[in-house]
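Q:
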Amino acid sequence: MGLSNGRVHVCPVETSLELLSGKWKPRILWKLHQQGVLRFGEFKRELPDITAKMLTQQLRNLERDGLVNRKVYPEVPPRVEYSLSEFGETLKPILDMIAQWGTAHHRHIVRLLEEPEPARSQKAV
20 MGLSNGRVHV CPVETSLELL SGKWKPRILW KLHQQGVLRF GEFKRELPDI TAKMLTQQLR
80 NLERDGLVNR KVYPEVPPRV EYSLSEFGET LKPILDMIAQ WGTAHHRHIV RLLEEPEPAR
140 SQKAV
């Protein structure tokens with residue numbers, strides 16, 4: 020049980036999702052899982068919709084949280100590589116399971132996501 024933003028966390032699913040959620044974190048982690056090591060420019064090519072500022076912020080957060088390693092090579096120009104940390108590696112089977120679930124239910128998920136928000140909310144009731 021920990022504190023985050025003044026809140027007490029007792030649900031392991033909630034705390035895990037809080038650490039991993041967001042528009043870009045899952046995509047960044049998935050790319051590192053698939054490709055192993057990536058440089059900043061490679062991320063930009065793989066995720067063309069992310070801004071450089073947002074990518075930098077997300078990579079820093081993932082590094083701060085111990086999920087991603089950042090290795091700087093003393094070269095000119097500097098070369099920086101990102102990879103999953105030992106802690107981040109523990110996410111691999113979970114990412115694989117999410118991908119399998121998403122593949123198995125792809126049509127249903129896409130249909131839900133294409134519906135307007137009020138229609139989705141009414142189905143949840």
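If you're matching positions, the sequence shown starts at 20 in this note's numbering and goes up one per residue.
Where a beta carbon is used, it is the ideal one built from N, C-alpha and C, also for glycine.
1. Taking buried to mean at least 16 other C-beta atoms within 10 Å of its own C-beta, is Gly12 buried or exposed?
2. Counting only runs that start and end within the segment 67-92, where is the alpha helix (DSSP H) found for 4 or more residues in a row?
3. Ignore the nearest five residues each way along the sequence and tell me which others in Val99's own chain have a CB closer than 8 angstroms to its CB.
4. Taking the C-alpha atoms as reference points, what is the distance between Ala123 and Leu36?
5. I need the straight-line Cα distance from Pro135 to Glu33, nearest angstrom please.
6. Leaving out five residues before and five after Pro97 in sequence, what residues of the same chain have Cβ atoms less than 8 angstroms from its Cβ?
7. Check the Cβ-Cβ distances between Val91 and every residue of chain B, and say whether any is below 8 angstroms.
8. How many whole angstroms separate the CB atoms of Leu38 and Val87, which I take to be in contact at a CB cut-off of 8 angstroms?
A: Based on what the coordinates show:
1. Examination of residue 12 is not possible in this model, given that the chain is present from 20 through 144 alone.
2. 71-83
3. Arg58, Phe59, Arg89, Lys90, Val91, Tyr92
4. 21 angstroms
5. 26 angstroms
6. Val91
7. Note that chain B does not occur in the displayed structure, where there is just one protein chain.
8. The pair is not a contact, with the Cβ atoms about 12 angstroms apart (cut-off 8 angstroms).
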